[in-house]
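If you're matching positions, the sequence shown starts at 2 in this note's numbering and goes up one per residue. Don't be surprised by glycine CBs; every beta carbon is placed ideally from N, CA and C. Being a predicted model, the structure only gives us computed values, none of them experimental. Before any comments, here is the structure.
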Amino acid sequence: MVEIELSPDVCQKPCLPVLWVDERLAAIHKPAGLMVHDSALARGETDFAADRLREQFGRPVFLVHRLDRATSGCLLLAFDRETASALGKAWMAGEVSKDYLAICRGWPGETRFTIDHPLDGGPGKPQKKDAVTDFEVLRHCELPWPSQDFATSRYALLRASPRTGRFRQIRRHLKHAFHHLIGDTSHGDGRHNRAFRVAGIHRMLLHAEALTFVHPHTGERMRVEAAPDGEFAHALALFEPAQQAG
């Protein structure tokens with residue numbers, strides 16, 4: 002749970018799309034490239050989702066979780082400490098389902114698979130903890146893009162559902178499986194990233210598609226969804242038959 006105060010130098014910024022809202026909580030669609038809040042990784046950045054949301058809703062906001070700067074999609078927040086605490090406990094207990102769309106290099110050998118591989122907590126946090134992600138292959142494509150000794154390149158569209166919440170978990174698990182996430186400049190494959198940039202796709206192809214949780218006050222089972230943005234949709238179009246090799 003993180004309470005965010007509005008930065009004094011924040012200026013008017015575009016409102017973020019609201020997926021669902023009531024008096025207690027909201028779900029919004031965070032665009033790729035926007036940091037959620039200020040941190041040691043900000044490196045001079047002054048535009049943060051938390052500041053925009055405080056200004057947009059005109060009240061304090063409490064972040065329930067985080068998304069990487071390069072990841073787009075569903076971001077859940079609360080408007081009071083009680084709601085934030087309840088949602089945070091549900092999150093830590095594994096009672097919130099998270100579904101992501103990811104595009105990776107190569108074709109995984111199984112339609113459904115699980116990566117169970119411990120991960121550290123990122124810079125300055127060397128202790129490894131359990132990390133488990135479930136994957137489902139949704140589509141394959143083979144594109145006429147030369148790669149090393151091959152005339153074509155293969156990619157897969159995955160649904161990733163992390164059971165735990167470690168630092169860059171999906172990205173690092175895909176690297177561990179040699180199915181690097183496209184557009185990931187830290188854990189990806191530069192050759193395939195460049196091929197997508199040539200095709201006009203410059204962002205990291207990880208999108209928080211849906212969150213499923215129980216409303217802490219009404220008891221209603223909620224599912225909020227965010228449709229992929231324009232550049233991610235461009236990448237999805239590569240999986241259409243007309244775009245593929247052969």
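### Query
Which of the three DSSP states, helix, strand or coil, is assigned to P147?
coil
### For F240, the three-state DSSP class (helix, strand or coil)
Residue state, collapsed to three classes: coil.
### Task
Check G74 in the structure and name its three-state DSSP category.
strand
### Message
Using a Cβ-Cβ distance cut-off of 9 Å, determine whether H66 contacts chain D.
### Response
Structure shown: chain D not included; a single protein chain is present.
### Message
Would K31 and G74 qualify as a contact pair, given that the criterion is a beta-carbon distance under 9 Å?
### Response
Cβ distance < 9 Å, so K31 and G74 count as in contact.
#### Entry: F58: first and last residue of the uninterrupted beta strand (DSSP E) it sits in
Premise fails: F58 lies in the alpha helix (DSSP H), A50 to F58, not in any beta strand (DSSP E).
### Query
What residues are listed by DSSP as bridge partners for T134?
According to DSSP, which records beta bridges pairwise, T134 is partnered with I116 and P163.
### Message
Applying the 10 Å Cβ sphere with the 16-neighbour rule, what's the burial state of D131?
### Response
exposed
### Task
Answer yes or no: do L54 and L78 have a C-beta to C-beta separation smaller than 9 Å?
yes
### Message
Helix, strand or coil, according to DSSP, for W108 in the structure here?
### Response
coil
### Query
Would the C-beta of L159 count as close to the ligand GDP, meaning under 8 Å from any of its heavy atoms?
This structure does not include the ligand GDP; it has no bound ligands of any sort.
### Query
Helix, strand or coil: which one does DSSP assign to H193?
helix
### Query
Quick one: what's got a C-beta closer than 7 Å to D39's C-beta in the same chain, skipping five residues either side?
F49
### Query
Any contact of the region 143-154 with the region 170-178, i.e. 3+ C-beta pairs under 8 Å?
no
### Query
In this structure, what does DSSP give as the bridge partners for C142?
According to DSSP, C142 bridges with Y156.
### Message
Do I116 and Y156 count as a contact pair if the criterion is CB distance below 9 Å?
### Response
No, Cβ-Cβ distance for Y156 and I116 is not below 9 Å.
### Query
Comparing alpha-carbon positions, which option in V225, E210, H208 and A209 lies nearest H216?
Looking at V225, E210, H208 and A209, the one whose alpha-carbon comes closest to that of H216 is V225.
### Task
Enumerate in chain order the residues of its own chain whose CB-to-CB distance from P109 is below 8 Å, with the five nearest sequence positions on each side excluded.
F136, V138, A157, L159, A178 and H180
### Helix, strand or coil at V3 [DSSP, three-state]
The pLDDT assigned to V3 is 44, lower than 50, so where the model puts this residue is not dependable, and the model offers no usable value.
### Message
Could you give the first and the last residue of the continuous beta strand (DSSP E) run that contains A223?
### Response
In the sequence on display, residue 223 carries Met and not Ala. Taken as a continuous stretch (DSSP letters only), the beta strand (DSSP E) holding M223 covers R222 to E226.
### Query
Assuming L206 contacts F233 under a Cβ cut-off of 8 Å, what Cβ separation, rounded to an integer in Å, is found between them?
6 Å
### L175, DSSP secondary structure in three states
Here L175 sits in helix by DSSP.
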